[in-house]
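*Asks:* Under the UniProt record's numbering, the residue at position 89 of the sequence shown is numbered 89, and the numbers go up by one with no gaps.
Note that CB positions come from ideal geometry on N, CA and C, so glycine has one too.
Pasting a structure here, questions to come.
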Amino acid sequence: MLELADIEAARERVAQTARGTPLEYSHTYTAMTGAEVHLKHENFQRTGAFKIRGATNRIATLSDAAKEKGVVTASAGNHAQGVALAATRVGVDSTIVMPEHAPTAKVKATENYGAEVVLHGANYDAAAERAHEIEREEDRTYVHAFDDEQVMAGQGTLGLEIVEECPDVETVVVPIGGGGLISGIAAAVKGIDPDIRVIGVQAAGASSAAPSLQKGERVVIDDVETIADGIATRSIGDRTFDHIREYVDEVVTVTDAEIAVTMVYLLERSKTVVEGAGAVGLAATIFDAFDYDEGEVIVPLLSGGNVDMNTLTTVIMRGLVEMGRYLKLRTVLKDRPGSLEELLAIAADHGANIYSIHHDRTSREIELSDAEIELELEVRGHDHADALVNSLRESGYEVEQLD
Numbered sequence: 001m002l003e004l005a006d007i008e009a010a011r012e013r014v015a016q017t018a019r020g021t022p023l024e025y026s027h028t029y030t031a032m033t034g035a036e037v038h039l040k041h042e043n044f045q046r047t048g049a050f051k052i053r054g055a056t057n058r059i060a061t062l063s064d065a066a067k068e069k070g071v072v073t074a075s076a077g078n079h080a081q082g083v084a085l086a087a088t089r090v091g092v093d094s095t096i097v098m099p100e101h102a103p104t105a106k107v108k109a110t111e112n113y114g115a116e117v118v119l120h121g122a123n124y125d126a127a128a129e130r131a132h133e134i135e136r137e138e139d140r141t142y143v144h145a146f147d148d149e150q151v152m153a154g155q156g157t158l159g160l161e162i163v164e165e166c167p168d169v170e171t172v173v174v175p176i177g178g179g180g181l182i183s184g185i186a187a188a189v190k191g192i193d194p195d196i197r198v199i200g201v202q203a204a205g206a207s208s209a210a211p212s213l214q215k216g217e218r219v220v221i222d223d224v225e226t227i228a229d230g231i232a233t234r235s236i237g238d239r240t241f242d243h244i245r246e247y248v249d250e251v252v253t254v255t256d257a258e259i260a261v262t263m264v265y266l267l268e269r270s271k272t273v274v275e276g277a278g279a280v281g282l283a284a285t286i287f288d289a290f291d292y293d294e295g296e297v298i299v300p301l302l303s304g305g306n307v308d309m310n311t312l313t314t315v316i317m318r319g320l321v322e323m324g325r326y327l328k329l330r331t332v333l334k335d336r337p338g339s340l341e342e343l344l345a346i347a348a349d350h351g352a353n354i355y356s357i358h359h360d361r362t363s364r365e366i367e368l369s370d371a372e373i374e375l376e377l378e379v380r381g382h383d384h385a386d387a388l389v390n391s392l393r394e395s396g397y398e399v400e401q402l403d
């Protein structure tokens, strides 16, 4: 089991490559929750995520012979970039196996950090199988993404920073994927002050930690479905399970809708880009996934900011829908001059802004004398949307609200 001394020893090694990241008090989320919220911005870390910490510590602790032979791992994202940069910084050769359909931007970033990238297989499991083959064939060291105590110790340096930067912290809220991050952080903060509470957060569509704790052994879930791809794992690790059971006070989940809304809040109110996995700690705080007192000092960890731009576009739209600020309606008008103008006048009277209008005369579901209209509207919230829809219906329109 990790102890505080292990994480303190890792700190000097980690500092050779990773940087200390800011921890900032948030007026917005303090007002929103009633707690005293401070955000730990690991999304500002080198490579855009916390993974560089664990990778740096693991590689730094290799023997000279192991360093000479190089390292290998499998990853489709943050871990790939962390291992690549950490290895390159100390002159160690690295091979990263990524799925064949990994995003081009992530492949290029990993190559730019100095790794040889091998594209193999349709998914992570296939890539990992090939990486272990390379491990055996070339006698390289496999750098596990989470289930390794040196990796966990490296991630735990975040816990040291949190307590130093916010000495009054009462609760730390940490994402859980495989469990390496929370294992290290929890060992660190509990080693400093056992009364600091550690809350783990998983996406509801990738929740293996809570059932594992309930059953007393690791649970592997069949299907994973979440926008938080950085924590989309089927199970926590063997070593991390032991650490979570020992050090973590509670594990909760948040929905994809809650994650999307939180990402929009961070963009709009905090001017901060955070990936889905990085938003879950704040989402759990905002949406009361765990209990806390008025004024309690809470530090949600924003663990990374590497989000695909296409994904971000979808998430923003989903978040606006959940917040009631994007409204999509369908109705049928008589196909005659002035009909559309009359409809739009009602929207204008309510102060709704039009994103787009789709006008279809060819649908088989309407009369030949009619036209089907779909409107996409910007509104101010659920109450504003409801008032507009009610007004349209009172004016005689049959309105269907679309997701």
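For A105, report the span of its alpha helix (DSSP H) as first-last.
*Replies:* Unbroken alpha helix (DSSP H) run through A105: T104 to N112.
*Asks:* Can you tell me whether A15 is buried or exposed, with buried defined as 16 or more other CB within 10 angstroms of its CB?
*Replies:* A15 is exposed by the Cβ-count criterion.
*Asks:* What residues are listed by DSSP as bridge partners for Q401?
*Replies:* Bridge partners of Q401: L329.
*Asks:* Count the other CB atoms, across all protein chains shown, that sit within 10 Å of the CB of Y124; report buried if there are 16 or more and exposed otherwise.
*Replies:* It is buried - the Cβ of Y124 has at least 16 other Cβ atoms within 10 Å.
*Asks:* Would you call the stretch 366-380 in contact with the stretch 327-339, where contact means no fewer than 3 C-beta pairs closer than 8 Å?
*Replies:* Yes: at least three Cβ pairs fall under 8 Å.
*Asks:* Measuring straight from C-alpha to C-alpha, what distance separates V151 and V143?
*Replies:* If I take the Cα positions, the gap works out to 8 Å.
*Asks:* Assuming D125 is part of the alpha helix (DSSP H), what are its boundary residues?
*Replies:* Element bounds for D125: Y124 to E138.
*Asks:* For A70 versus R140, is the C-beta spacing smaller than 9 Å?
*Replies:* The amino acid occupying residue 70 in the given sequence is Gly; Ala does not appear at that position. A contact, by the Cβ cut-off of 9 Å.
*Asks:* Hey, A187 and E3: beta-carbon distance below 9 Å or not?
*Replies:* Yes, Cβ-Cβ distance for A187 and E3 is below 9 Å.
*Asks:* Out of curiosity, what's the CA-to-CA distance linking T362 and V399?
*Replies:* Cα to Cα, T362 sits roughly 19 Å from V399.
*Asks:* Tell me the DSSP secondary structure of L160 in three-state form.
*Replies:* L160 falls in the helix class under three-state DSSP.
*Asks:* Does the distance from the CB of I199 to the CB of V248 come in under 9 Å?
*Replies:* In this structure, V248 lies closer than 9 Å to I199 by Cβ.
*Asks:* Does the structure place the stretch 316-324 close enough to the stretch 238-253 that three or more beta carbon pairs sit under 8 Å?
*Replies:* No: fewer than three Cβ pairs fall under 8 Å.
*Asks:* Where in the stretch 317-361 do unbroken runs of the beta strand (DSSP E), each at least 3 residues long, occur, reported from the N-terminal end onward?
*Replies:* With a minimum length of 3 residues, the continuous beta strand (DSSP E) runs that stay inside the stretch 317-361 are 326-334 and 353-360.
*Asks:* In whole angstroms, what is the alpha-carbon distance linking N390 and G351?
*Replies:* Their Cα atoms are separated by approximately 14 Å.
*Asks:* Please report the distance separating the alpha-carbon of P22 from that of A86.
*Replies:* The alpha-carbon atoms of P22 and A86 are separated by roughly 21 Å.
*Asks:* Once DSSP output is grouped into helix, strand and coil, what is the label at A15?
*Replies:* The answer is coil: DSSP assigns A15 none of H, G, I, E or B.
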